[in-house]
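A quick write-up on the structure given underneath.
Numbering (this note's numbering), first residue to last: 84 to 429.
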């Protein structure tokens, strides 16, 4: 397993990051620990979670994922591992901190403390804002809508100050953002420079053959600001594995069980694109998983590809696929298909 140092940090991470959002709902604690053991055995040292997990988020399961990871860390120790988690942004989840989800300095500090307790560690390597405080198009929304603007709430400057305070206190090492825009990245970095404190070093956004928002404005920001992308949903929630091909609804699959999850990946154009990529994979002697994950790996700005699974066998396939290096001919074939399907699941 290759490792790389994330730009602007001292964090040396595996090129594959273990995602965890199914632990506590689709996966039991024993299954979570089995996945962790397998991931470490395969060379993964980078684990990503969130205070909100598992997904779908509910009041009865919130925090389980971090707790499962924490109990495994308590037994195994965290030496050599890079632990990333996320603070929930504003929304209707009033069970998180009693509804105090605005990203104020105080709420950031409270979230860090609660995550540290669940994770049973004394410092988080990478602490990320799960989604922005402000109005932005995300999770499938494609247009910025000024009518959705809301007055008040903590400023981006205050959020930077909150993260800097946690670094100064030794509770986190670095911080990042998620589901963020190019403008947001630039503003956070600007405020950090003005304050003379560390800015965000990573952005965790969806990126795949069918979700290519990072290829445009964000890629330039990553280059000029020395940041990297942590790519989540590289398989579009499983759509790019081929298991939902031609309208199939396999028993026990995530999109079969949960009707409301991953709406942006359920559009007919996304399934059409996925089928086209699956056909290309077969022509090239690859599996759909290898083609999809190999493509994400080929992007120069990707710091790590986040893979998650509901079984050890599935995880093993994903880990192997995420290390595939696609040849120039295959990448050219992908580029040709992208003319027809430029960004079907933004």
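For each residue, glycine too, the CB sits at the ideal point set by N, CA and C.
Residue i: first and last residue of the uninterrupted alpha helix (DSSP H) it sits in
i	result
residue 288	Unbroken run through residue 288 is the beta strand (DSSP E), 285 to 289; no alpha helix (DSSP H).
residue 362	351 to 366
residue 158	147 to 159
residue 398	395 to 404
residue 300	300 to 308
residue 413	411 to 423
residue 191	188 to 202
residue 120	112 to 124
residue 381	371 to 381
With 16 other Cβ atoms within 10 Å as the buried cut-off, status of residue i
i	result
residue 272	buried
residue 155	buried
residue 237	buried
residue 231	exposed
residue 410	exposed
residue 208	buried
residue 97	buried
residue 149	buried
residue 129	buried
residue 171	buried
residue 266	exposed
residue 120	exposed
residue 278	exposed
residue 296	buried
residue 142	exposed
residue 379	buried
residue 224	exposed
residue 134	buried
residue 414	exposed
Nearest-angstrom Cα separation, counted from residue j out to residue i
i	j	result
residue 298	residue 131	23 Å
residue 183	residue 424	40 Å
residue 215	residue 359	34 Å
residue 165	residue 284	14 Å
residue 246	residue 305	20 Å
residue 377	residue 178	39 Å
residue 408	residue 187	42 Å
residue 122	residue 234	44 Å
residue 99	residue 389	6 Å
residue 327	residue 416	22 Å
residue 261	residue 280	20 Å
residue 114	residue 105	10 Å
residue 226	residue 220	6 Å
residue 312	residue 109	27 Å
residue 332	residue 420	25 Å
residue 387	residue 397	19 Å
residue 175	residue 368	46 Å
residue 254	residue 203	12 Å
residue 198	residue 257	15 Å
residue 357	residue 292	8 Å
residue 370	residue 324	8 Å
residue 91	residue 275	13 Å
residue 270	residue 365	43 Å
residue 167	residue 195	11 Å
residue 88	residue 95	4 Å
residue 229	residue 158	49 Å
CA nearest to the CA of residue i, picked from the options
i	options	result
residue 375	383, 128, 354 and 405	405
residue 152	107, 242 and 93	107
residue 394	111, 94, 93 and 230	111
residue 40	384, 287 and 127	Not covered by the structure: residue 40. The range shown for the chain is 84 to 429.
residue 412	199, 363, 126 and 429	363
residue 206	421, 249 and 88	249
residue 125	301, 399 and 418	399
residue 192	241, 127 and 136	241
residue 239	217, 103 and 264	217
residue 402	91, 94 and 101	101
residue 350	372, 366 and 322	322
residue 290	269, 270, 315 and 94	315
For residue i, the first and last residue of its enclosing beta strand (DSSP E)
i	result
residue 95	95 to 97
residue 260	255 to 261
residue 242	Careful: residue 242 lies outside any beta strand (DSSP E), inside the alpha helix (DSSP H) at 239 to 251.
residue 87	86 to 88
residue 271	Residue 271 -> not in any beta strand (DSSP E); alpha helix (DSSP H) instead, spanning 265 to 278.
residue 169	165 to 170
residue 312	311 to 315
residue 212	207 to 212
residue 389	385 to 390
Rounded Cβ spacing between residue i and residue j (contact assumed at less than 8 Å)
i	j	result
residue 118	residue 392	7 Å
residue 86	residue 146	No, residue 86 and residue 146 are not in contact; Cβ-Cβ is about 30 Å, not under 8 Å.
residue 347	residue 222	7 Å
residue 190	residue 294	Going by Cβ atoms, the distance from residue 190 to residue 294 rounds to 29 Å, so no, they are not a contact pair.
residue 319	residue 286	The Cβ separation is near 19 Å, so there is no contact.
residue 169	residue 116	Not quite, the Cβ-Cβ distance comes to about 21 Å (not below 8 Å), so this is no contact.
residue 282	residue 243	7 Å
residue 251	residue 288	Between residue 288 and residue 251 the Cβ distance is about 27 Å, and since that is not below 8 Å, they are no contact.
Cβ of residue i within 9 Å of any chain C Cβ
i	result
residue 322	Absent from the structure: chain C. Only one protein chain is present.
Check: residue i C-beta below 8 Å from any heavy atom of the ligand GTP
i	result
residue 349	Absence of the ligand GTP is noted for the structure shown, with no ligands found whatsoever.
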